[in-house]
Amino acid sequence: MSSPSHGVSGQATTVSHQLVEDALEHLWDYAYLGRHSLSSHVGMPDSSDGSRVSHVERGKALSLLLQDAIKRLRPQHDVDRLSRERRYFDILHCCYVEGERNDAVARKLDIAERTFYRHRRQAIEVITQMLDDLNGEARQA
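Position one of the sequence shown corresponds to residue 0 (numbering that gives the first Met the number 0), numbered consecutively onward.
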């Protein structure tokens with residue numbers, strides 16, 4: 000599990016699972032996301048021309064980034080619905096993008112709730128690593 004560590008600058012150098020899960024739970028609340036600490040971890044810009052943007056615009060940008068990360072999990076070819084990559088995408092998309100209840104998603108995927116929660120945690124870890132990689136690339140640029 001990723002946990003934030005602090006480099007010489009004092010800024011966190013990794014994105015935490017808890018931050019990502021909390022942001023996903025508020026995927027459509029732009030005002031909340033605009034003030035979320037994850038937006039600073041993944042380098043949400045103020046604007047392209049250097050002017051300041053509202054926290055709502057920052058929230059929209061973070062929401063789009065998270066949605067894009069979920070879309071990247073979607074298999075590009077037909078894969079068995081029982082495959083891990085398909086299951087991770089289905090769980091995150093249904094729960095966070097579509098807003099379906101956890102128990103309904105578990106039933107839809109025909110898996111036990113315990114399996115659902117384990118796979119959801121693993122899928123969030125994949126998203127966390129994707130964002131952490133993005134964060135590392137932004138620090139190097």
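No residue lacks a Cβ here, since even glycine has one placed at the ideal position from N, Cα and C.
8 Å CB neighbourhood of Q55 in its chain, flanking five on each side removed: A small fix is needed here, since residue 55 is Val in this sequence, not Gln. Counting only residues of its own chain and dropping the five nearest sequence neighbours on each side, V55 has a CB closer than 8 Å to the CB of Y29, A30 and G33.
Residues of its chain near Q66, where Cβ-Cβ distance is below 8 Å and the 5 sequence neighbours each way are ignored: Here the set comprises L26 and V96.
Rounded straight-line distance, which links the Cα of L130 to that of H16: 10 Å
Rounded distance between the beta-carbons of Y87 and L72, thought under 8 Å: 5 Å
First through last residue of the alpha helix (DSSP H) which encompasses Q17: H16 to E24
Cβ distance (whole Å) where C93 is taken to contact K107 below 8 Å: 7 Å
Spatial neighbours of R119 in its chain, beta-carbon cut-off 8 Å, leaving aside the 5 residues before and after: I90, L91, C94 and N101
Under 9 Å between C-beta atoms of L61 and I126: no
Closest residue to I110 among V14, I123 and S82 (Cα-Cα distance): S82
Cβ separation of V14 and I123, assumed to be a contact under 8 Å, to the nearest whole Å: Not confirmed; about 11 Å, so no contact.
Distance CB(P74)-CB(R57) smaller than 9 Å: no
Between the CA atoms of R113 and G6 - distance to the nearest angstrom: Confidence at G6 is low in this model, with a pLDDT of 33, below 50, so its placement is unreliable and the value that follows should be read with caution. Going by the C-alpha atoms only, they are around 37 Å apart.
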